[in-house]
Structures are given as structure tokens and as C-alpha cells.
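Please read the structure below before turning to the comments.
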Ligand SMILES: [Zn+2]
Ligand SMILES: [Zn+2]
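Residue numbers (our numbering): 1 to 181.
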């Protein structure tokens, strides 16, 4: 039985999957194991779906028990999305489904300062960090491989492909060149 006795602080703009990676690492388990416990679906194949649709994909009581937080506190983006769909018509569903970038995206300076991932970074059209005004990256600055949406190592700020820190050498990246790839 997985218990999550240690609970990191949830940052105000943090995505659910970011918190999930951090709390799983802190308690020596994996995001997948935790998802098995909270999911109300047989299998959720794509982790980005949790950020998009958390409140509909999980058992709210189990989340409260395991995380000590409500689904509403954890899945702010899924609530905004539900409100949008309620207000407008279901034709928005397709649009909403395509709103998020399907690779992990980050600001190397932000995660160096405080290791967590903001939900807004995953929105496709958001390309610049509003704090540091540099391009957000969806690749590792060292091996240049695209990042998965979640991974135990991402929760530690490490590239799952080459094991280098994602904050390493971030000053040497040619952000302009990457943006125009
Ligand atoms: Zn930043
Ligand atoms: Zn790498």
C-alpha cells in the first residue's frame, strides 16, 4: 500500500503532474503507482490528460486522503477548462484537447530557483517565461532531446535521456536559435 507521508508544499502555479512527480519522488514511489491509486479510469495512457482533466479522471476522496489536498487545489487548469466548456458549447472540446504541449516544457532559470513546473508552461501558445523573459524549452539543453511529459528524473530537474541537470549550462543555450527551429 502506497502512502504519501511526506508532502511537499504545493506552489501556486504548479501543475498537478509537477506536484505528482515531486510527491512521488519524496516518498520513494513512482507517479504511475500513485496514479493507479487515484485514477477512476482503467488506464490513462497520457499523463498530460491529468493536467487537462484532473477533476474528471480521479477519485476525489482518494486524492484528498493521499495528498491531503483537494482535487480543486491540485487541478486548477482542469477547473478552468470545465468552466469554459460549460460556458461555451462542446465544440470547444477539440480546441481544449489541443491546448497543452505534449512534451515537458520549462524555464531553466525558474527550475533552478525553485524546482517545480508551472501549468501555464504547458500551454502551447505560451513560449516565453514571464519572469525571466527567455524562451521556454521542451528539450534538454545538453542532448537536445525532447522531454517526456512526466518522469521521475524530471521531478529532480534531470534530463531522463542524458542524466544531465536541466539547469546545467542554461546560460549557454542559444534561446533564439532554439525558438526558431
Ligand atoms: Zn523563468
Ligand atoms: Zn539530455
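By construction, the Cβ of each residue, glycine as well, lies at the ideal position given by its N, Cα and C atoms.
- Distance from the CA of residue 129 to the CA of residue 107, rounded to the nearest whole angstrom, comes to 6 angstroms.
- In the three-state scheme derived from DSSP, where H, G and I count as helix and E and B as strand, residue 137 is classed as strand.
- Around ligand 2, the residues selected by a Cβ distance under 6 angstroms to any of its heavy atoms are 140, 142, 143, 145, 159, 161, 162, 164, following chain order.
- With 5 angstroms as the limit, the residues whose C-beta approaches any heavy atom of ligand 1 more closely are 107, 109, 110, 129, 131, 132, in sequence along the chain.
- Fewer than three Cβ pairs drawn from the segment 5-20 and the segment 39-46 lie within less than 8 angstroms of each other, which leaves the two stretches out of contact.
- Our two residues, residue 116 and residue 88, have alpha carbons roughly 32 angstroms apart in a direct line.
- Secondary structure at residue 39: strand, using DSSP grouped into helix, strand and coil.
- A distance below 7 angstroms between beta-carbons, with the five flanking residues on each side excluded, links residue 123 to the following residues of its chain, in chain order: 99, 100.
- Note: residue 100 is bridge-paired with 123 in the DSSP secondary-structure output.
- One Cα belongs to residue 7, the other to residue 86, and the distance between them is close to 33 angstroms.
- If you draw a straight line from the Cα of residue 152 to the Cα of residue 31, it is about 7 angstroms long.
- Within the same chain, 118, 119, 120 come within 7 angstroms of residue 13 by CB-CB distance, once the 5 residues on both sides are set aside.
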